[in-house]
Each structure stands twice: as structure tokens, then as C-alpha cells.
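Peer 1: The sequence shown begins at 215 in this note's numbering and counts up one residue at a time.
Where is the CB? At the ideal position from N, CA and C, for every residue including glycine.
Sharing a structure with you now.
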Amino acid sequence: MSDRGNGADLGSVIAMLSGVLEGQQSAQAEMRLMRADIQEIKGVVNQHSLALAEHGRRLNDLTGRVSSLREAVTAYHASVLGHGVLISELDARVRRIEHHLNLPPAA
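And the structure:
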């Protein structure tokens with residue numbers, strides 16, 4: 215800025231203010247883009263949360279089914295024990311299925 219008599223050059227002040235205005239407008243436009251990106255990300259996170267909740271429900275259902283299967287196998291084993299069935303082979307197979315599905319062993 216150059217000094218003329220009693221103050222700064224009016225043209226320099228206007229040019230400086232124009233630069234500040236352009237910077238502000240640019241920052242506002244960038245913020246609008248970021249807000250849109252954040253909204254999109256929130257939508258994706260919500261979809262993933264719903265999918266995760268559904269998977270949890272399915273896993274709980276599967277865990278219950280495996281437990282009831284184990285009970286049925288145990289009851290079957292008790293009824294056919296005298297008939298020569300090797301329950302240890304069946305039990306090993308059930309354990310492999312549980313391991314493959316990352317299920318905890320039933321109590």
C-alpha cells in the first residue's frame with residue numbers, strides 16, 4: 215500500500231478486500247463440498263451398521279441352531295450307543311463345522 219497524504223491508497227484497500235472476499239468464497243465452497251462428502255459417508259456408515267446388526271442376528275440364530283443340533287446328536291448318541299455307532303466321528307465333524315463357522319463350542 216502506498217501512502218498518499220492522509221492514508222492508504224483506496225485502490226489498494228479495495229484490491230485487498232477483493233482478495234479476502236475471493237478467499238472466503240473459496241473456503242465456503244470447499245466447506246459445502248466437505249459437508250456433502252460427510253453426508254455421503256454417514257449414509258454408508260448407516261448402511262454398514264444395519265448390515266452388521268443383521269449379521270449379528272443371523273449369527274445368534276445359527277449359534278442357537280448349532281446348540282440344538284448338538285443336543286439332538288447327543289440324544290441320538292445316547293439312544294444308539296449300544297448299536298455300534300461311532301459318535302466320536304460325528305462329534306469331530308460337528309466341531310470342524312463349528313470351527314469353520316467361527317462359532318464357540320456349545321456347553
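Give the straight-line distance between the Cα atoms of L231 and A243, rounded to the nearest whole angstrom.
Peer 2: 18 Å
Peer 1: How would you write the range of the alpha helix (DSSP H) that V247 sits in, first residue to last?
Peer 2: As written in the sequence, residue 247 is Leu, which differs from the Val given in the question. Note, L247: alpha helix (DSSP H), 224–294.
Peer 1: My assumption, with CB atoms under 8 Å, is that L315 sits in contact with L276. Please give the rounded CB distance.
Peer 2: By a beta-carbon distance limit of 8 Å, L315 contacts L276. Their separation comes to about 7 Å.
Peer 1: Might you give, ordered along the chain, the residues of its own chain that have their beta carbon closer than 7 Å to the beta carbon of E312, omitting 5 neighbours on each side?
Peer 2: V280, P319
Peer 1: Can you tell me whether A320 is helix, strand or coil according to DSSP?
Peer 2: Reduced to three states, the DSSP call for A320 is coil.
Peer 1: Which of helix, strand or coil does DSSP assign to L304?
Peer 2: Taken through DSSP and simplified to helix, strand or coil, L304 comes out as helix.
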